[in-house]
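>
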Amino acid sequence: MGRYIIRRLLIAIPTLLIISFVVYGILALAPGDPLSQFANNPNVPPEVRERIRESLGLNQPWHIRYVKWLLALLKGDFGYSFMSHLPVINLLIERLPNTLAVVGVAYILGIALAVPIGMISAVKRYSIFDHLATTFAFIGFSVPTFFTGLLLIILFSINLHWFPFIYDSTLKVKDFGSFIDQMKQSIMPIIVLALFDTATLARYIRAEMLEHLPLDYVRTARGKGIAERLVVIRHVLRNSLIPVVTLVALGVPAVFAGAIVTEQIFRVPGIGELLIRSISDSDTPVVAAIVFLFAILVVLFNLVADVLYAVLDPRIRYA
Amino acid sequence: MATTTDVRKMPVAATADMMRPPRSLWKDAWYQFRRHTLAMAGMVTLIILILGTTLGPFVYTTPINDIDFSRAIEGPSPAHPFGTDDLGRDTLARVLWGGRVSIAVGITAVLLAISLGTAVGAFAGYFGRLDNPLMRVTDLFLSLPILPLLLIIIFLFRDTLRKLFGPEIGIFLMIVTVIGILTWMPVARLVRANFLSLKNKEFVEAARTVGATDARIITKHILPNVLSSVLVAATLGVGGAIILESTLSFLGLGFPSDVPTWGRLLFDAQNYLDLAPHLALFPGLAIFLTVLSVNYIGDGLRDALDPRKS
C-alpha cells in the first residue's frame, strides 16, 4: 500500500510539471500585454514603460521566466500581482475562505441529500418517489448553474426580498444576528451548487445500489433474518458506497470549477471571481497561480480517489 | 428452398419470429427507442428547437439588431412575444438566432471531440505499442483544469482570431476547437476499452486470416461494433458542450455581444433582473430545454442500444 502511494506520487510530479509548462506557455505566447493599459496613456512615456517591463522581468525570454517562476513556486513564492502589486499568495489566502465556505458546505449538503435519495430510489425502484427523484436528477444536471442562480435571484431576492443577491464579504459573524445574515447571503450560492451535486451523485448511487441488490450476499443477509432496513443500510449501501467515495473525491476539482460561475453570479469574492477578474486584467502571475492551483487539485484528488479505493475495497491489492 | 422446410419443422412461436422481416441493429434500436416515452418527447422537442432556430428567422423576420429606445425593456407583447432588451431589440429574434450558434457549437465541438477520441482510442487499443504513450497523454489531458484553461485560451487568443477570420467565424472556430481538444478523453478511454476486448475475438481473427489489413480491420470490423457506445457518449456530450459554450459566454468570454448566443443573452440579462426578468427567462429556458432533451435522448439511446435489454 505504502509503495503504491509513493509510486502514484512519483507519477504526479511529471504530470504537474507538464501542466505548469503548458499553462505558462499559453500565457507567455498569448498576444495580450499586461502593460497595454499604459500604452494609450500619454503620461507614461515609452522609456518608463520599458523600465516597468524590466522591473517585472518581462524583457527576458519566456522559457527563462518559466524556470524562474517554477523555482520560486517550489519555495512557495507565487510572485506579485501586476495589478495590485500584492503577493499572489496573500490574494489567494484572502479569497480562499469565501470559496471554501460556499463550495464546502454545498458539496457536503449535496452528498448528504444524494445518499438517502439514491438509496430510496433504488430500493423502491419504479415507485413514485423514484420517478420524481429521476426527473429531479435529469433537471438538476440539465439546467446550467448560471440559469438556476439567476432564477433564484429573480424569485428570492427581487420578488420575495428574502435574501440579498450580492455577497458581502466584509460581514463578520459576531453574534446571532450577523450569523443569520451570513446564512442568508450564502444560501443561494450553496443551493445552486448543491442542486447539481445532488443530481449527479443521487443517480450514481441509485445505479450502484441496483447492481448490488440482486447479489447473493444480500439474499444471504436476508436469509439470516436481518431486518430489511439493516440489510439495505449495513450490507448494500456500504458496498455501493465504495465507488461513490472515489467519485466524490474525483468531483472536488469540478466543484471548484463550478464555483467560478456561481461566484460570478452572486459576486462572491472567492478564487473563481479573482480568476475571471485577473484574466480580463491580463494579470499573468495571478492567473498562472490559480490555474496551477486547479491543476494541483485535480492531480491531488485523482490520487486521493485511487488510494481511497484501495483502502476501502479489500479485494483490490496493489503491488 | 431449404430454409423454408427447416422453418416448417420448428415450433409455432419460433416460426412466427423467423417469418417476420429481418430487422437490422438500428431498426431494433429504433423499435426500443420508440418505447422510451421521455426520449421520444426529448427528440420531438429537440427537432422543434432545431427547426425553430434554423427556419424560425425566415418566418419570424424581426431583425435581431433593430434598436428602438422608445420600446426598451418591455415585457412580452403581441409585437414582441418575448419582450425587448435594454436597447429595444426583440428578444424572440435574438433567442432564435442565438440558438443556431449554441446548437451549432454543441454539435461541431462534439464531432471534433468524438473524432479525436475515437482515433486515439482506436490506435491505443489496437496497436499494443501505442497503448502506453497514448494513454499517458490522455491521463495528462484529464488532469488539465478544463474550465480555467478554456477561459484563458479564449481570452488571450480571441482578438488574434477575430482579426484572422472575422468576429463570428473566428470565435466559433476557436470555441469549437478548444472545447473539442479539451473533452475528447472520456471517448478515447471508452473506445480503447472496447477495442481491447474486441481485437482478440474470433471475427477479427477470421478477418485477419483472409488477409484484411489493419486499416480495414479497424474501420470495417471493429469500429462498427464500437459505434453504438460512441453514439451515446456523443449525444450526452452535445448537452455538455452547449452548457460549456453558454458558460463561457455567460462569463463574458465567449461570443461578443453582437453575436447573441443563449449564454451571452443571459450575461446581458444579469443587469436587468429586477426590471426585465423575461430577458433571462427565455434564453435560460431554451438552454435548459435543449440540454434536457439531449440528455433524455442519450438515456433512451443507451437503453435502446444495450444488447442486454432487448
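Residue numbers (my numbering), protein chains in the order written: chain W, 1 to 319; chain P, 1001 to 1310.
We treat Cβ as the ideally placed atom computed from N, Cα and C, and that holds for glycine.
Because the structure is a prediction, the values reported are computed rather than measured.
(1) Counting along the chain, where does the alpha helix (DSSP H) carrying L151 (chain W) start and finish?
(2) Taking the alpha-carbon positions, what's the V105 (chain W) to L16 (chain W) distance?
(3) Examine chain W for any beta-carbon lying closer than 8 Å to the beta-carbon of F1155 (chain P), and answer yes or no.
(4) Would you list the residues sitting across from D1090 (chain P) in a DSSP beta bridge?
(5) Over what stretch of residues does the alpha helix (DSSP H) that includes E1074 (chain P) continue unbroken?
(6) Below 8 Å on C-beta distance, what does L1161 (chain P) contact in chain W?
(7) Between the C-alpha atoms of I117 (chain W) and V248 (chain W), what's the straight-line distance to the nearest angstrom?
(8) Could you compute how far the alpha carbon of M1185 (chain P) sits from the alpha carbon of I1114 (chain P)?
(9) Along the region 1066 to 1096 of chain P, what residues have a CB closer than 7 Å to any CB found in chain W?
(10) So, helix, strand or coil for P1145 (chain P), using DSSP?
(11) Are there 16 or more other CB atoms within 10 angstroms of the CB of M1 (chain W), so buried, or fewer, so exposed?
(12) Report the option in W:S278, W:V311, W:L297, W:K124 whose CA atom is closest to the CA atom of H85 (chain W).
(13) Determine the closest residue to L1275 (chain P) out of P:W1030, P:K1199, P:V1044, P:G1083, with distance taken between C-alpha atoms.
(14) What are the boundary residues of the alpha helix (DSSP H) that includes P285 (chain W)?
(15) According to the Cβ coordinates, are L303 (chain W) and L9 (chain W) closer than 8 Å?
(16) Relative to the alpha-carbon of I52 (chain W), which residue among W:V232, W:I26, W:V286, W:F82 has its alpha-carbon at the smallest distance?
(17) Are there 16 or more other CB atoms within 10 angstroms of the CB of R238 (chain W), so buried, or fewer, so exposed?
(18) Determine whether the beta carbon atoms of A259 (chain W) and T99 (chain W) lie at a separation below 8 Å.
(19) Tell me, which residues are paired with Y80 (chain W) by DSSP?
(20) So what does DSSP say about S1310 (chain P), is it helix, strand or coil?
(21) Mind checking which residues open and close the alpha helix (DSSP H) that includes Q264 (chain W)?
(22) Verify whether the separation of the beta carbon atoms of L1253 (chain P) and F1155 (chain P) is less than 8 Å.
(23) What residues in the region 1162 to 1186 of chain P bring their beta carbon closer than 7 Å to a beta carbon of chain W?
(24) Is V1110 (chain P) closer than 8 Å to A1286 (chain P) when the C-beta atoms are compared?
(25) Mind checking whether V298 (chain W) and S1229 (chain P) have CB atoms under 8 Å apart?
(26) Which residues in the same chain have their Cβ closer than 7 Å to the Cβ of A221 (chain W), if we skip the five residues on either side of it in sequence?
(27) Which residues bound the alpha helix (DSSP H) around H63 (chain W)?
(28) Around the C-beta of Q185 (chain W), are 16 or more other C-beta atoms found within 10 angstroms, so that it is buried, or is it exposed?
(29) Less than 8 Å between CB atoms is the rule here; does T1261 (chain P) satisfy it with respect to chain W?
(30) Use the C-beta contact count for K1199 (chain P): other C-beta atoms within 10 angstroms, 16 or more gives buried, fewer gives exposed.
(31) Skipping 5 residues on each side, what residues in its chain have a beta carbon closer than 6 Å to that of T1004 (chain P)?
Considering the structure as presented:
(1) If you number the first sequence from 1, residue 151 (chain W) lands on position 151. 145 to 152 is the span of the alpha helix (DSSP H), which, as asked, contains L151 (chain W).
(2) Counting from 1 along the first sequence, the entry for residue 105 (chain W) is found at position 105. Counting from 1 along the first sequence, the entry for residue 16 (chain W) is found at position 16. If you take the alpha carbons of V105 (chain W) and L16 (chain W), they lie about 28 Å apart.
(3) Translated into positions along the second sequence, residue 1155 (chain P) becomes position 155. True, the Cβ-Cβ gap to chain W drops below 8 Å.
(4) Here residue 1090 (chain P) refers to the residue found at position 90 of the second sequence. In DSSP, D1090 (chain P) forms a bridge with P:T1084.
(5) To locate residue 1074 (chain P), count along the second sequence from 1; it is residue 74. E1074 (chain P) -> no alpha helix (DSSP H), and no H or E assigned at all.
(6) On the second sequence, position 161 is the one that residue 1161 (chain P) refers to. By Cβ distance, chain W contributes nothing, its closest Cβ being about 10 Å from L1161 (chain P), past 8 Å.
(7) Counted from its first residue, the first sequence places residue 117 (chain W) at position 117. Counted from its first residue, the first sequence places residue 248 (chain W) at position 248. In a straight line, the C-alpha of I117 (chain W) is about 16 Å away from that of V248 (chain W).
(8) Looking up residue 1185 (chain P) in the second sequence gives position 185. Looking up residue 1114 (chain P) in the second sequence gives position 114. If you take the alpha carbons of M1185 (chain P) and I1114 (chain P), they lie about 9 Å apart.
(9) none
(10) Here residue 1145 (chain P) is taken as the residue at index 145 of the second sequence, counted from 1. Note: P1145 (chain P) maps to coil in three-state DSSP.
(11) Position 1 of the first sequence holds residue 1 (chain W). By the 10 Å Cβ count, M1 (chain W) comes out exposed.
(12) For the purposes of this step, residue 85 (chain W) is taken as residue 85 along the first sequence, with counting starting at 1. Ranking W:S278, W:V311, W:L297, W:K124 by Cα distance to H85 (chain W) puts W:S278 first.
(13) Walking along the second sequence from the start, residue 1275 (chain P) turns up at place 275. With distances taken between Cα atoms, L1275 (chain P) lies closest to P:G1083.
(14) The count along the first sequence starts at 1 and reaches residue 285 (chain W) at position 285. Looking at the DSSP string, the run of the alpha helix (DSSP H) that includes P285 (chain W) is 284 to 312.
(15) On the first sequence, residue 303 (chain W) is found 303 positions in, with the first residue counted as 1. On the first sequence, residue 9 (chain W) is found 9 positions in, with the first residue counted as 1. Yes; because the gap between Cβ atoms is below 8 Å, this pair is in contact.
(16) Here residue 52 (chain W) refers to the residue found at position 52 when the first sequence is read from its first residue. Checked all of W:V232, W:I26, W:V286, W:F82; the closest Cα to I52 (chain W) is W:F82.
(17) Looking up residue 238 (chain W) in the first sequence gives position 238. R238 (chain W) comes out exposed.
(18) As a position in the first sequence, residue 259 (chain W) is number 259, starting the count at 1. As a position in the first sequence, residue 99 (chain W) is number 99, starting the count at 1. Cβ atoms of A259 (chain W) and T99 (chain W): closer than 8 Å.
(19) For the purposes of this step, residue 80 (chain W) is taken as residue 80 along the first sequence, with counting starting at 1. Answer is W:P87.
(20) By one-based count along the second sequence, residue 1310 (chain P) stands at place 310. Interpretation of S1310 (chain P) is limited by its pLDDT of 43, a score under 50 that renders its predicted location unreliable; the figure taken from the coordinates is listed afterwards. Three-state result, S1310 (chain P): coil.
(21) Position 264 of the first sequence, counted from the start, is the residue given in the question as residue 264 (chain W). 238 to 266 is the span of the alpha helix (DSSP H), which, as asked, contains Q264 (chain W).
(22) By 1-based counting over the second sequence, the position of residue 1253 (chain P) is 253. By 1-based counting over the second sequence, the position of residue 1155 (chain P) is 155. Contact: yes.
(23) none
(24) Here residue 1286 (chain P) is taken as the residue at index 286 of the second sequence, counted from 1. Here residue 1110 (chain P) is taken as the residue at index 110 of the second sequence, counted from 1. No, the Cβ-Cβ distance between A1286 (chain P) and V1110 (chain P) is not below 8 Å.
(25) Position 298 of the first sequence, counted from the first residue, corresponds to residue 298 (chain W). Position 229 of the second sequence, counted from the first residue, corresponds to residue 1229 (chain P). It is not a contact, given that the beta carbons lie outside the stated cut-off.
(26) Position 221 of the first sequence, counted from the first residue, corresponds to residue 221 (chain W). Excluding sequence neighbours, A221 (chain W) sits near V231, H235.
(27) Mapped onto the first sequence, residue 63 (chain W) falls at position 63. Here the alpha helix (DSSP H) through H63 (chain W) covers 62 to 74.
(28) As a first step, residue 185 (chain W) is located in the first sequence; it is residue number 185 there, counting from the start. Flag for Q185 (chain W) reads buried.
(29) Taking the second sequence and counting its residues from 1, the one referred to as residue 1261 (chain P) is at position 261. Judged by the 8 Å Cβ criterion, T1261 (chain P) is not in contact with chain W.
(30) By one-based count along the second sequence, residue 1199 (chain P) stands at place 199. Label assigned to K1199 (chain P): buried.
(31) Taking the second sequence and counting its residues from 1, the one referred to as residue 1004 (chain P) is at position 4. A caution first: T1004 (chain P) carries a pLDDT of 48, below 50, which makes its placement in the model unreliable, though a value can still be read off. So the list is empty, once near-sequence residues are dropped.
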